[in-house]
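Q:
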Amino acid sequence: MASQVLVAANRGPLSYALSDDRTLSARRGGGGLVSGLSAALAEQPGALWICAALSDADREAVRRDVSEPGVRMLDIDPTMYDDAYNGIANSVLWFTHHHLYDVPREPVFDAEFRRRWASYVAYNEAFTRALAEEAAQGARVLVQDYHLALVPGQLRQLRPDLRIAHFTHTPWASREFLDMLPEDVRSQLVWGMLGADVVGFHTWMWAANFASGATIEDERGIAQASFPKDGRCGVDHRRSAGDGRYGVKRVTSVDVFALGVDADELRALAHRPEVDAKLAELRAEVAGRRTIARVDRTELSKNILRGLLAYRELLAVHPEWRGEVVHLASAYPSRQDLKVYRDYTAAVSELAAEINAEFGTKDWQPVLVSVKDDFARSLAVYRMADVALVNPVRDGMNLVAKEIPVVSEAGCAVVLSTGAGAYEELREDALTVNPYDVSATAEALHAALSMPAAERAERTKRLAAAATALPPAAWFTAQLAALEA
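In structure tokens form, the structure reads like this:
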């Protein structure tokens, strides 16, 4: 049966496991976004989630035609998938949107890049074909993230009857970085996104970046950003019809849907017995000292190294905190199949060890690093933290900055960088810093540790209220509603 509501995303709401006797079993994915989207889709009869088969077990499930209601997995060739996901999405688009290039050396767009880009196009086409097959007449399609940036444009060509939205969970690159891409690739990227009726971002900064970068005129057509006085923005565009003529004008609305936290679900997760046990262990390890917490993947954009440098400067400039504070640094390895990430992860561990060697004593370890992806431990850290350090150089949202105030027990002062997408919503009650300014970050940590308990508690309440303004199910529903407008 054709679906009236469809979601397309690289990762799906479940994954499969293959036992020794070749029996397949399905497991639901974790995280607030998956839970929220699943809950929202459950309220849409016949809704469908299209995703990639990410493991051998997933691919085996597709080959056996094993399917869960409301989910269709695509068995994409593993080599093509690796080229598209690691070679382009994570090594080119992620670096472009997060402004991470070491410009004297990167980027390099050579024949190998062109081969991988062809795989990225084909990967998007696989999703496009599946959506075109499964969508009912006039259906609403919500495409998720930079992995599938070409899908709206491809789908518009096949199914002009559909109402299409695209949401980007990352920042969108400034024009300067977008223009680093080869001209034809940039054109494909922009026109791919402009196939959507609505494109969404976490903040107006990223929305404005997109609209500005979408002003274009080439063989594909002509597009011009508009910024009405009400603060909203959009892109007017006409596709080339050949012979110097253009087709009918269309408008892509550019909107903001600032993803929030499901407070009830997160608090329930944070008070499970396994989290209580982790909390008891951490409190014994910290031994009554104040805590500065961070919970991140070792992602280059998270700025973990400068955060550690700021903590080292705090101990050097404010010796009164020596022996009185512990930095709980959860730094979970990320994308270790890419050398630059392996090197970054190693550098984080090395710098933490240097700080412990420089300042540590026989009964005090200044930095406790956790490199195991342990969700229960992370929630325990959330509950006990006195200060949260969230200092990304550039981040689409950064839900950690929203999650910690929601589950904090005694109140938590948030040191937040201006590069976080959450900055727009939380800046009034967070201590905000330039992510590159190590000294200012050290002073913000000092101010956060020195903040009176009553003030910290009041700020935490307001931060939690802002963090829960648009939980995942409402966030999803708002995008569906935008397609109806």
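With our numbering, the residue at position 51 of the sequence shown is 259, and numbering never jumps. All C-beta atoms in this analysis are idealised placements derived from N, C-alpha and C, irrespective of residue type, glycine included.
Could you say which of P277, V548, S395, P390 lies nearest to V316 if we only look at CA atoms?
A: Your numbering for residue 316 matches position 108 in the sequence shown. Of the candidates P277, V548, S395, P390, the one whose C-alpha sits nearest the C-alpha of V316 is P390.
Q: Would you tell me roughly how many angstroms separate the C-alpha atoms of E427 and D392, rounded to the nearest one?
A: Taking the first residue of the sequence shown as 1, we reach residue 427 at position 219. Taking the first residue of the sequence shown as 1, we reach residue 392 at position 184. Going from the Cα of E427 to the Cα of D392 covers about 10 Å.
Q: Under 8 Å between the Cβ atoms of L639 and A656?
A: To locate residue 639, count along the sequence shown from 1; it is residue 431. To locate residue 656, count along the sequence shown from 1; it is residue 448. A contact, by the Cβ cut-off of 8 Å.
Q: Out of D229, F465, V646, point me to the one whose CA is closest to A681's CA.
A: In the sequence shown, residue 681 corresponds to position 473, counting from 1. Among D229, F465, V646, the Cα nearest to that of A681 is on F465.
Q: Using three-state DSSP, classify T640 as helix, strand or coil.
A: Position 432 of the sequence shown, counted from the start, is the residue given in the question as residue 640. Strand.
Q: Whose C-beta lies closer than 8 Å to the C-beta of S542 among residues of the same chain, with five residues either side of it excluded?
A: Within the sequence shown, numbered from 1, the residue matching residue 542 stands at position 334. Excluding positions up to five away in sequence, the list reads R505, T506, E507, Y549, T553.
Q: Can you tell which of E566, G496, E558, S299 has its C-alpha closest to the C-alpha of E521?
A: Along the sequence shown, one-based indexing puts residue 521 at 313. The residue with the shortest Cα to Cα distance from E521 is E566.
Q: V407 to R480, Cα distance in whole Å?
A: Here residue 407 refers to the residue found at position 199 of the sequence shown. Here residue 480 refers to the residue found at position 272 of the sequence shown. Whole-angstrom Cα-Cα distance: 37 Å.
Q: So, for W572: in the same chain, excluding its five sequence neighbours on each side, which residues have a beta-carbon less than 7 Å away from its beta-carbon?
A: For the purposes of this step, residue 572 is taken as the residue at position 364 of the sequence shown. Excluding sequence neighbours, W572 sits near G531.
Q: Helix, strand or coil for R458 per DSSP?
A: As a working mapping, residue 458 is identified with position 250 in the sequence shown. If DSSP states are grouped into helix, strand and coil, R458 belongs with the strands.
Q: Going along the chain, which residues of its own chain have a beta-carbon closer than 6 Å to the beta-carbon of A677, five neighbours each way excluded?
A: One-based indexing of the sequence shown puts residue 677 at position 469. If we look at A677 and ignore the five residues flanking it on each side, its Cβ neighbours are G468.
Q: Cutting at 8 Å between CB atoms, please list the residues of its own chain near Q345, excluding the five before and the five after it.
A: Translated into positions along the sequence shown, residue 345 becomes position 137. Excluding residues within five positions, the ones whose Cβ falls inside 8 Å are A210, D369.
Q: For G455, which option in M605, S509, I430 has the closest C-alpha, if you only look at C-alpha atoms?
A: Along the sequence shown, read from residue 1 onward, the residue named residue 455 stands at position 247. When each option's Cα is compared against that of G455, the closest is I430.
Q: Determine, using beta carbons only, whether H306 and S509 come nearer to each other than 8 Å.
A: Along the sequence shown, one-based indexing puts residue 306 at 98. Along the sequence shown, one-based indexing puts residue 509 at 301. Closer than 8 Å, so yes.
Q: For G278, tell me which candidate among W257, R585, A537 has the shortest Cα-Cα distance.
A: Reading the sequence shown from its first residue, position 70 is the one you call residue 278. For G278, the nearest C-alpha among the options comes from W257.
Q: Quick one: which unbroken beta strand (DSSP E) runs of 3-plus residues sit fully inside the stretch 565-609? Chain order, please.
A: Here the runs fully enclosed are 575-578, 595-598.
Q: Can you tell me which of N511, L517, D582 puts its alpha carbon nearest to the alpha carbon of D603?
A: Here residue 603 refers to the residue found at position 395 of the sequence shown. The shortest Cα separation from D603 among N511, L517, D582 belongs to N511.
Q: In this structure, how does DSSP classify F409 when only helix, strand and coil are distinguished?
A: On the sequence shown, residue 409 is found 201 positions in, with the first residue counted as 1. Three-state result, F409: strand.
Q: Taking V270 as part of the alpha helix (DSSP H), name the residues at either end of that continuous run.
A: Walking along the sequence shown from the start, residue 270 turns up at place 62. Per DSSP, V270 belongs to the alpha helix (DSSP H) from 264-271.
Q: Can you find the residues in the same chain that come closer than 8 Å, C-beta to C-beta, to Q687, ignoring five residues on each side of it along the sequence?
A: As a first step, residue 687 is located in the sequence shown; it is residue number 479 there, counting from the start. The answer, listed in chain order, is L350, A373, F375, V406, G408, F465.
Q: Taking the alpha helix (DSSP H) that D633 falls in, what are its first and last residues?
A: On the sequence shown, position 425 is the one that residue 633 refers to. The identity of residue 633 in the sequence shown is Glu, whereas the question assumes Asp. That run of the alpha helix (DSSP H) goes 631-634.
Q: Taking the alpha-carbon of G295 as reference, which of E314, P286, D273, F321 has the nearest alpha-carbon?
A: Counting from 1 along the sequence shown, the entry for residue 295 is found at position 87. G295 has its Cα closest to that of F321, out of E314, P286, D273, F321.
Q: Pick out the complete alpha helix (DSSP H) segments inside the stretch 505-535, 4 residues or longer, and give them in chain order.
A: Qualifying alpha helix (DSSP H) stretches, in chain order: 512-525.
Q: Assuming the contact rule is C-beta atoms closer than 8 Å, A416 and C441 should be a hit. Round their C-beta distance to whole Å, please.
A: For the purposes of this step, residue 416 is taken as residue 208 along the sequence shown, with counting starting at 1. For the purposes of this step, residue 441 is taken as residue 233 along the sequence shown, with counting starting at 1. Right, their Cβ atoms sit about 6 Å apart.
Q: If you draw a straight line from the C-alpha of L587 to the C-alpha of V622, how long is it?
A: Translated into positions along the sequence shown, residue 587 becomes position 379. Translated into positions along the sequence shown, residue 622 becomes position 414. Between L587 and V622, the C-alpha separation is close to 16 Å.
Q: Who does C620 pair with in a DSSP beta bridge?
A: Sequence index remark: in the sequence shown, residue 620 carries index 412 (1-based). Note: C620 sits in no beta bridge, so no partner.
Q: Less than 7 Å between the CB of P436 and some heavy atom of the ligand SAM, yes or no?
A: For the ligand SAM, the structure offers nothing, since it holds no ligand at all.
Q: Count the CB pairs spanning the stretch 321-331 and the stretch 281-301 that are closer than 8 Å, and state whether there are at least three.
A: Taking 8 Å as the limit for Cβ pairs, the verdict is that the stretch 281-301 does touch the stretch 321-331.
Q: Going by the CB atoms, is the gap between V359 and T336 shorter than 8 Å?
A: What you label residue 336 is simply residue 128 of the sequence shown in a count that begins at 1. What you label residue 359 is simply residue 151 of the sequence shown in a count that begins at 1. Their beta carbons are under 8 Å apart, which means T336 touches V359 by this criterion.
Q: How about V556 and L523: are their beta carbons less than 8 Å apart?
A: Within the sequence shown, numbered from 1, the residue matching residue 556 stands at position 348. Within the sequence shown, numbered from 1, the residue matching residue 523 stands at position 315. No, the Cβ-Cβ distance between V556 and L523 is not below 8 Å.
Q: Is the stretch 650-670 close to the stretch 214-233, with three or more CB pairs under 8 Å?
A: Touching, no.
Q: What would DSSP say about Q544, mapped onto helix, strand or coil?
A: Here residue 544 corresponds to residue number 336 of the sequence shown, with the count starting at 1. Three-state result, Q544: coil.
Q: Quick check: what's the CA-CA separation for V459 versus A433?
A: As a working mapping, residue 459 is identified with position 251 in the sequence shown. As a working mapping, residue 433 is identified with position 225 in the sequence shown. Spanning the two alpha carbons is a distance of roughly 10 Å.
Q: Consult DSSP for V329 and reduce its assignment to one of helix, strand or coil.
A: Numbered from 1 along the sequence shown, position 121 holds the residue referred to as residue 329. Of the three classes helix, strand and coil, the one that applies to V329 here is helix, per DSSP.
Q: Quick one: is G220 buried, meaning 16 or more other Cβ sit within 10 Å of its Cβ, or exposed?
A: The sequence position of residue 220 within the sequence shown is 12, counting from 1. So G220 counts as buried.
Q: Given this structure, state the Cα-to-Cα distance separating D291 from R635, to the nearest angstrom.
A: Position 83 of the sequence shown, counted from the first residue, corresponds to residue 291. Position 427 of the sequence shown, counted from the first residue, corresponds to residue 635. Each residue's alpha carbon lies about 39 Å from the other.
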